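2 protein chains.
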Amino acid sequence: MRTPERNATALDLVLELVVLLNEDMTRALARDGLTGSRARLLWELRSRGPCTQKVLADALAVSPRNITGLVDALAEGGFVTREPHPNDRRATLVSFTRHGARIARNLAEGREQLAELLFATMPDRQFDGLVDGLEALLARLRAELAANTSSTKGGRR
Amino acid sequence: MRTPERNATALDLVLELVVLLNEDMTRALARDGLTGSRARLLWELRSRGPCTQKVLADALAVSPRNITGLVDALAEGGFVTREPHPNDRRATLVSFTRHGARIARNLAEGREQLAELLFATMPDRQFDGLVDGLEALLARLRAELAANTSSTKGGRR
DNA sequence: TATTGTTATACTCTATAACTATA
DNA sequence: TATAGTTATAGAGTATAACAATA
């Protein structure tokens, strides 16, 4: 039987992981002149190709107003351009500049390199155990969030 | 031999965990009228007892100016008070109100409950594998951050 | 002279509401 | 009338720099 203390310690590990991962990624993004939110937008743009701000707002689950600001900053930084939409004159198409496309590739590369840094030297047995545990954790969290999101309102505590 | 794709997928699991955990905690804090930064301050205050803003600034690794703002908000919300420091008239002591102390206990309880939610029903074998993997992951991340922080300046990519 | 906390200023992320141009 | 994106306004977190009071 496991003690609550051991469970609490395991949660501490997860939370430290969150903090360190965040620091590492923030630092790496800053080297490219990016923030987390702006990088997320580039990431979406990369997987979707040129798209409207409305599409980006829905994809990132933020307000249209917020997208205006992020695209403003990314355009100013030379990462993206705003083009008129060919069919709908209300809309604008956000597209990569050459520089933006290069940086987006860098983001993808950086992520691969992070994955290798974290996992490449890990023995298979350990890796499998970690993945198995992470999947179990995610299943519990998803269930919890679904329960709390769906109006029920209660939640822990 | 593991493929880069499997490593990338494992990183995706970790990143999804980060996102969901963040959502869950943000939601829980909002129920107590708190944000992440304000809760972190309360958390420090709980483990240290009444202390100066300078101490809090160092503990949370943010600017003194930032602490002024957080304490302003927490004082306005009735979580903490500012008292004159007995020995040093430049400094102020930040202390819990009754309500703040109660909420801080709630935070600790909520964390225990989250740990139980995530781990209590997890088989020992799976739990051990997860903890083992997490520790290995953390070791790599700490090393990476230390390398990148210490002036070397290079880093991945 | 050094330290504590504040005011002043600024940047980022975020939201809602009102408005413009277009469908 | 509905939609895309903007301006206007606001709140939260963060930073640096200048300044006050006190050590």
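Residue numbers (my numbering), protein chains in the order written: chain A, 87 to 243; chain B, 87 to 243.
Cβ atoms here follow ideal geometry from the backbone N, Cα and C, with glycine treated the same way.
Keep in mind that this is a model prediction, so the values were computed, not measured.
Test: residue i CB closer than 8 Å to a CB of chain A
i              : result
L128 (chain B) : no
P90 (chain B)  : yes
R191 (chain B) : no
N93 (chain B)  : yes
N148 (chain B) : Residue identity check: residue 148 (chain B) is Val in the sequence provided, not Asn. No - not a single Cβ of chain A is within 8 Å of the one on V148 (chain B).
G186 (chain B) : no
T238 (chain B) : The pLDDT assigned to T238 (chain B) is 47, lower than 50, so where the model puts this residue is not dependable; a value taken from the coordinates is nonetheless given after this. It does not; no Cβ of chain A falls within 8 Å.
G219 (chain B) : yes
Closer than 7 Å: residue i CB and nearest the ligand HEM heavy atom
i             : result
L99 (chain B) : Among the components modelled here there is no ligand, and therefore nothing to report on the ligand HEM.
8 Å Cβ cutoff met for residue i and residue j
i              : j              : result
L127 (chain A) : L156 (chain A) : yes
A96 (chain A)  : A201 (chain B) : yes
L220 (chain A) : V100 (chain B) : yes
L224 (chain A) : L103 (chain B) : yes
A159 (chain B) : T167 (chain B) : no
L216 (chain A) : L216 (chain B) : yes
T282 (chain B) : A177 (chain B) : This structure cannot speak to residue 282 (chain B), because chain B is shown only from 87 to 243.
A190 (chain A) : F182 (chain A) : yes
Three-state class that DSSP yields for residue i in the structure shown
i              : result
A138 (chain A) : For the record, residue 138 (chain A) in the displayed sequence is Thr; it is not Ala. Reduced to three states, the DSSP call for T138 (chain A) is strand.
V148 (chain A) : coil
P172 (chain A) : coil
F165 (chain A) : coil
T121 (chain A) : coil
T178 (chain B) : strand
P90 (chain B)  : helix
M111 (chain B) : helix
A206 (chain B) : coil
T183 (chain A) : coil
K239 (chain A) : Because K239 (chain A) carries a pLDDT of 45, less than 50, the predicted location of this residue cannot be relied on, and no value is offered for it.
Below-8 Å beta-carbon distance, residue i vs any chain B residue
i              : result
N152 (chain A) : no
L97 (chain A)  : yes
F213 (chain A) : yes
M144 (chain A) : First, the residue type needs correcting, since residue 144 (chain A) is Asp and not Met in the sequence shown. No, D144 (chain A) does not count as interfacial toward chain B.
A116 (chain A) : no
R113 (chain A) : yes
Cβ-based burial, residue i [other Cβ within 10 Å; buried from 16]
i              : result
R211 (chain A) : exposed
A147 (chain A) : exposed
N93 (chain A)  : buried
G196 (chain A) : buried
A114 (chain B) : buried
D110 (chain A) : buried
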